[in-house]
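J.:
Protein chains: 2
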Amino acid sequence: MAKELKELTSRSENYSQWYQDLVIKADLAENSAVRGCMVIKPYGYAIWEKMQRILDNKFKETGHVNAYFPLLIPKSFLSREAEHVEGFAKECAVVTHYRLKTNSDGSGVVVDPEAKLEEELIIRPTSETIIWNTYRNWIQSYRDLPILCNQWANVMRWEMRTRLFLRTAEFLWQEGHTAHATREEAEAEARQMQNIYADFVENYMGVPVIKGVKTASERFAGALDTYTIEAMMQDGKALQAGTSHFLGQNFGKAFNVTFVDKDGKTDYAWATSWGVSTRLIGALIMAHSDDNGLVLPPHLAPIQVVIIPIYRSMEQLDEIRKKVNGIADNLKKLGISVKFDDADNRKPGWKFANYELKGVPVRLAMGGRDLENNTIEVMRRDTLEKETVSCDGIETYVQNLLEDIQKNIFQKALKLREERTVKVDSYDEFKEKIEQGYFVLAHWDGTPETEERVKNETKATIRCIPMDDDNEPGCCMVTGKPSARRVLFARNY
Amino acid sequence: MAKELKELTSRSENYSQWYQDLVIKADLAENSAVRGCMVIKPYGYAIWEKMQRILDNKFKETGHVNAYFPLLIPKSFLSREAEHVEGFAKECAVVTHYRLKTNSDGSGVVVDPEAKLEEELIIRPTSETIIWNTYRNWIQSYRDLPILCNQWANVMRWEMRTRLFLRTAEFLWQEGHTAHATREEAEAEARQMQNIYADFVENYMGVPVIKGVKTASERFAGALDTYTIEAMMQDGKALQAGTSHFLGQNFGKAFNVTFVDKDGKTDYAWATSWGVSTRLIGALIMAHSDDNGLVLPPHLAPIQVVIIPIYRSMEQLDEIRKKVNGIADNLKKLGISVKFDDADNRKPGWKFANYELKGVPVRLAMGGRDLENNTIEVMRRDTLEKETVSCDGIETYVQNLLEDIQKNIFQKALKLREERTVKVDSYDEFKEKIEQGYFVLAHWDGTPETEERVKNETKATIRCIPMDDDNEPGCCMVTGKPSARRVLFARNY
Chain A
1 MAKELKELTS RSENYSQWYQ DLVIKADLAE NSAVRGCMVI KPYGYAIWEK MQRILDNKFK
61 ETGHVNAYFP LLIPKSFLSR EAEHVEGFAK ECAVVTHYRL KTNSDGSGVV VDPEAKLEEE
121 LIIRPTSETI IWNTYRNWIQ SYRDLPILCN QWANVMRWEM RTRLFLRTAE FLWQEGHTAH
181 ATREEAEAEA RQMQNIYADF VENYMGVPVI KGVKTASERF AGALDTYTIE AMMQDGKALQ
241 AGTSHFLGQN FGKAFNVTFV DKDGKTDYAW ATSWGVSTRL IGALIMAHSD DNGLVLPPHL
301 APIQVVIIPI YRSMEQLDEI RKKVNGIADN LKKLGISVKF DDADNRKPGW KFANYELKGV
361 PVRLAMGGRD LENNTIEVMR RDTLEKETVS CDGIETYVQN LLEDIQKNIF QKALKLREER
421 TVKVDSYDEF KEKIEQGYFV LAHWDGTPET EERVKNETKA TIRCIPMDDD NEPGCCMVTG
481 KPSARRVLFA RNY
Chain B
1001 MAKELKELTS RSENYSQWYQ DLVIKADLAE NSAVRGCMVI KPYGYAIWEK MQRILDNKFK
1061 ETGHVNAYFP LLIPKSFLSR EAEHVEGFAK ECAVVTHYRL KTNSDGSGVV VDPEAKLEEE
1121 LIIRPTSETI IWNTYRNWIQ SYRDLPILCN QWANVMRWEM RTRLFLRTAE FLWQEGHTAH
1181 ATREEAEAEA RQMQNIYADF VENYMGVPVI KGVKTASERF AGALDTYTIE AMMQDGKALQ
1241 AGTSHFLGQN FGKAFNVTFV DKDGKTDYAW ATSWGVSTRL IGALIMAHSD DNGLVLPPHL
1301 APIQVVIIPI YRSMEQLDEI RKKVNGIADN LKKLGISVKF DDADNRKPGW KFANYELKGV
1361 PVRLAMGGRD LENNTIEVMR RDTLEKETVS CDGIETYVQN LLEDIQKNIF QKALKLREER
1421 TVKVDSYDEF KEKIEQGYFV LAHWDGTPET EERVKNETKA TIRCIPMDDD NEPGCCMVTG
1481 KPSARRVLFA RNY
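These protein sequence lines are chains A and B, in that order.
Here our numbering is used: the first sequence runs in plain steps of one and ends on residue 493.
Here our numbering is used: the second sequence runs in plain steps of one and ends on residue 1493.
1. Which same chain residues, not among the five before or five after Q194 of chain A, have their C-beta less than 7 Å away from its C-beta?
2. Within the chosen definition, does the stretch 34–52 of chain A reach the stretch 1083–1092 of chain B through at least 3 CB pairs nearer than 8 Å?
3. Counting only beta-carbon separations shorter than 8 Å, does P473 of chain A have a partner in chain B?
4. Here's the rule: buried if 16 or more other CB atoms are within 10 angstroms of the residue's CB, otherwise exposed. What is P1113 of chain B?
5. Please return the same chain residues whose Cβ sits closer than 7 Å to the Cβ of G1437 of chain B, not counting the five positions on each side in sequence.
6. Using a C-beta cutoff of 8 Å, does W173 of chain A count as contacting chain B?
7. Can you tell me which of the three DSSP states P466 of chain A falls into?
8. Would you kindly check if the distance between the Cβ of N31 of chain A and the Cβ of L166 of chain A is under 8 Å?
9. What are the residues in the stretch 1188–1205 of chain B lying within 8 Å of chain A by C-beta distance?
10. Around the Cβ of Q411 of chain A, are there at least 16 other Cβ atoms within 10 angstroms (buried) or fewer (exposed)?
11. Checking 8 Å against the spacing of the C-beta atoms, do W132 of chain A and A254 of chain A come in under that value?
12. Going straight from the alpha carbon of H84 of chain A to that of R183 of chain A, what length do you get?
13. To the nearest whole angstrom, what separates the beta carbons of S1127 of chain B and E1185 of chain B, a pair I think is in contact under 8 Å?
14. So which of A:Y397, A:D27, A:I54 and A:L371 has the shortest CA-CA distance to D199 of chain A?
15. I'd like the span of the alpha helix (DSSP H) that includes T129 of chain A, first residue to last.
16. Which residue from B:Q1240, B:N1292 and B:M1038 puts its Cα closest to that of S1012 of chain B?
17. Hey, is the stretch 1354–1370 of chain B in contact with the stretch 1285–1304 of chain B, meaning 3+ C-beta pairs nearer than 8 Å?
18. If we cut at 8 Å on Cβ distances, does I376 of chain A have a partner in chain B?
19. What three-state label does DSSP hand Q151 of chain A in the structure shown?
20. Step through the CB atoms of chain B and report whether any lies within less than 8 Å of the CB of V65 of chain A.
21. So that I know if they touch, is there some Cβ in chain B lying closer than 8 Å to that of A2 of chain A?
22. Going by the CB atoms, is the gap between V155 of chain A and W173 of chain A shorter than 8 Å?
23. Have a look at R219 of chain A and I147 of chain A and give me their C-alpha separation to the nearest angstrom.
24. Quick one: give me the first and last residue of the alpha helix (DSSP H) that P1348 of chain B is part of.
25. With 8 Å set as the bound, which would you pick, yes or no: does the beta-carbon of R982 of chain B sit closer than that to a beta-carbon of chain A?
26. Cβ atoms of A67 of chain A and K1075 of chain B: under 8 Å apart, would you say?
27. Taking C-beta pairs closer than 8 Å, name the residues in chain B that R143 of chain A reaches, listed in chain order.
28. Using only the alpha-carbon positions, how far apart do R380 of chain A and K415 of chain A sit?
29. Of all the options B:L1121, B:A1082 and B:T1062, which has the alpha carbon lying nearest to the alpha carbon of L1071 of chain B?
30. Go ahead and label Q406 of chain A buried or exposed: buried means 16 or more other beta carbons lie within 10 angstroms of its beta carbon, across all protein chains shown.
31. Is E49 of chain A close to chain B, meaning its C-beta is less than 8 Å from at least one C-beta of that chain?
32. How would you list, in chain order, the residues of chain B whose beta-carbon sits under 9 Å from the beta-carbon of W158 of chain A?
33. Looking at chain A, is there any beta carbon in it that lies within less than 8 Å of the beta carbon of T1319 of chain B?
34. Using a C-beta cutoff of 8 Å, does G108 of chain A count as contacting chain B?
35. I want to verify the contact list: residues of chain B whose CB lies under 9 Å from the CB of A57 of chain A, in sequence order.
So, in structure tokens, the structure goes:
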């Protein structure tokens, strides 16, 4: 069984297969009977719950409240905003009937043709339309603004090629939808949420990100600006980890949401929307994990410390248990989640492999000699380093070690990204570096045509126009035309 | 505006309209553009979040874990369990297509006939079928059991007559789905969850419940036993506040979920399922609120204490603020949620009416004379009693008052139920009492025919066979046939 646990494809052999194996073997998720929809298993869901709790607190600290809007959206709502319908109509689940009936031959149930809806309903791919239709009644005066709502929900986009967590027909997410009296306030909100996402992904997920804005062709359908955070996976590909959109007055106009301002003038409300999804779990896995299994950052690990007894007799197990219970209690008092695994139907070796696979950050093991010496073996999952340390002060030791691991995971990912990010000035070198899995900073002439050509020829897209101080102008690597600054190209998930 | 706030229909005038008004005016929820689907507004959702947090902790303390299963269910799954399909096929939203396309005349989008699904998908009305289809792969041996999963999710049942929270096409709920190796263990689980629900509804919602089992005709479609908790609303009608089902091996057999037991024999797994929904918010409102608005139990109130300054000048407001900030901080340290409302665009009278409407359990008000005397005015929402007390020790005073209110709300509801519950032995008296809005304990001959007749003639149903010690046999009030014990009849929501 320990062998079976280890049967992960290695990253070097086949990165994509390694990911797929890992999601399944670590019990995070699996495909369901419904094409493209996943089952999120308890261990995977526990990670999502930790993410939710942290993000939800950050949203509330910045004045947001949660609400819930309908799953179904009238088909006609989609058409109200021209770009929005273009972006979402092609991939949505359509409800056409509201009843089944027994088949006349008794062989099960069929759709009842008499229960056809007058207007078809769409399962929300995102909720701007239904929410802005609701906001119309909530907003009359500038006194009603801002509205700062968030929703935790499931959404559906009918994807043809799906991968667990990364791209599924149904996924879980949060979507914030805010309404403001001024353009400036809405833009500041969109940037604030980008910063909150960046803080979360860097300091909790341990994944460094590049903050930037999307080009026109990569923007959210209906946005004036899309702010993004882009992360590098271990294969050098980019993953868009969160986006925050400044929607201008597009939805205000489409749904006729107006307000009277302080001077008595009527204007359309300004909008933002922003979201992160269960896709982040995919990012978490791909950024840190190794050929032995998951590597979870301590700030998000459902189990932070596992304690495994190694015993020859039940008497010895009792002695170990006594000693270890004290340690576990003290760790819990420090807010650390601990599991003591004394199941007697598995050998220690199997347990070791299992918790490596599950990415538990710290493993403690205690055997007969440890009992005699008042010591315990400590293994850290990120480096797999083992050490035998005294039980005196072990709690502080473990607490510090967890913070060390959190930092180390981030530093390792940052180092990888720095090593695999290059500035390039010729299109030939660009192609070479993209093929090798680099993030490439290159000059671009700002046209969608050049962007499209690069995408077709290299499969690399402009991930973002970085929001940093590197504003040196230059010449487009493809056309030689003037470029205001380098932009970030990469292949992506 | 204060007048407008008060324009609630009174309960005696029209109970049903009072409820509807209150949900809207207290900003809890509203109807959406999609028939039968509601928007849960931030204040209503904050109550749901409190409920979720408390229930989720209780589930986890008893060994349950959360997971997530697909929204959509293949149509054929429903037919696998004969009673289940009968119960749910008639009221479900059916997805038949997965794409829209631009109308050929350019007038919006239409369903793309080429994107028709081979098999229609149903939006889950409940998830037994998709979950038991998944469990088949999770369960091989008794070592894989029990499985104790819960899911927080949205579900959809196409109701024709809907009422906010009480009966909506889409609603939010949790659904627990467990699998066990023995009948005894599954039955114990179903009863455990009934007890957890009863504890929650009585000690957090402040609503007394009667625990019982459903008769065969009132059971969940596919259950061998449905355990229920029944609450009385202020109009004397019953509301089923939570149910827990012992499903026997029905779903194990329907989805071929077998396991090898300790003796090497193969058997079907035993199942339970249990759920409560946003309907509980409806129960909360109807059980306690009055003609001035909501009355929320302190254990679930999003804002437990509101503090309102009454001032003549900005200098005085500053003084009040200084004093009140200290009190607010101390209350927060005690874990009490406090709002200091110093908005200057509303008069104190408006604020008083508003927080009464919103059901905030305790209101503190401080004016100039209070400042001089080191006092503060305290109003409790449940009785509307006011008192002026010293600021010294006000925090403990408020903390105790909140617990008092919690108990008083429960006692008041209990008293109402006791006054409106009668034992009746003749069918004539039964009809009279049912018409007057009583819970009636009467003898019944145990047949679905008598049950059906009573229902047709009086609109009263058997809410449950109570699980108490009152096991005196008697004669059916309708047929005179023998009855093992009295059962609980009432009209219901």
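Every residue gets a Cβ at the ideal spot worked out from N, C-alpha and C, and that includes glycine.
Since the model is a prediction, treat every value here as computed from it, not as a measurement.
T.: In short:
1. These residues qualify, in order along the chain: K211, Y227, I229 and S244.
2. Verdict: no, contact absent.
3. No, because no Cβ of chain B sits closer than 8 Å to the Cβ of P473 of chain A.
4. The residue in question, P1113 of chain B, is exposed, as its Cβ has fewer than 16 Cβ neighbours within 10 Å.
5. If the five residues before and after G1437 of chain B are omitted, its C-beta is found closer than 7 Å to the C-beta atoms of D1235, G1236, K1237 and R1420, all from its own chain and listed in chain order.
6. Taking CB atoms only, W173 of chain A has no neighbour in chain B less than 8 Å away.
7. Three-state result, P466 of chain A: strand.
8. The answer is no: Cβ separation not under 8 Å.
9. Within the stretch 1188–1205 of chain B, no residue has a Cβ that lies closer than 8 Å to any Cβ of chain A.
10. Exposed, because fewer than 16 other Cβ atoms sit within 10 Å of the Cβ of Q411 of chain A.
11. Cβ atoms of W132 of chain A and A254 of chain A: closer than 8 Å.
12. For H84 of chain A and R183 of chain A, the distance between alpha carbons rounds to 20 Å.
13. So it is not a contact: roughly 21 Å between Cβ atoms.
14. Measuring from the Cα of D199 of chain A, the nearest candidate turns out to be A:I54.
15. Per DSSP, the continuous alpha helix (DSSP H) segment holding T129 of chain A begins and ends at E128 to W138.
16. Ranking B:Q1240, B:N1292 and B:M1038 by Cα distance to S1012 of chain B puts B:N1292 first.
17. Touching, yes.
18. Not an interface residue.
19. If DSSP states are grouped into helix, strand and coil, Q151 of chain A belongs with the strands.
20. With respect to chain B, the C-beta atom of V65 of chain A has a partner C-beta closer than 8 Å.
21. Low local confidence applies: a pLDDT of 46 at A2 of chain A is under 50, so the model's placement there is unreliable, with the coordinate-based value given in what follows. No - not a single Cβ of chain B is within 8 Å of the one on A2 of chain A.
22. Yes, Cβ-Cβ distance for W173 of chain A and V155 of chain A is below 8 Å.
23. Inter-residue distance for R219 of chain A and I147 of chain A is about 23 Å (C-alpha atoms, whole angstroms).
24. Start and end: P1348 to L1357.
25. Nothing in the structure corresponds to residue 982 of chain B, since chain B is present only between 1001 and 1493.
26. With contacts defined as CB atoms closer than 8 Å, K1075 of chain B and A67 of chain A fail to qualify as a contacting pair.
27. Those within 8 Å of R143 of chain A in chain B are N1345.
28. Distance between the alpha carbons of R380 of chain A and K415 of chain A is about 20 Å.
29. Proximity to L1071 of chain B across B:L1121, B:A1082 and B:T1062 peaks at B:L1121, based on C-alpha coordinates.
30. With 16 or more Cβ atoms within 10 Å of its Cβ, Q406 of chain A is classed as buried.
31. Yes, its Cβ sits closer than 8 Å to a Cβ of chain B.
32. Those within 9 Å of W158 of chain A in chain B are Y1098, R1099 and A1115.
33. It is worth fixing the name first, because residue 1319 of chain B is Glu in this sequence and not Thr. Interface annotation, E1319 of chain B: not in contact with chain A, CB-CB separation never under 8 Å.
34. At least one CB of chain B lies nearer than 8 Å to the CB of G108 of chain A.
35. The residue you asked about is not Ala; residue 57 of chain A is Asn in the sequence shown. Within 9 Å Cβ-Cβ: nothing; N57 of chain A doesn't reach chain B, min ~12 Å.
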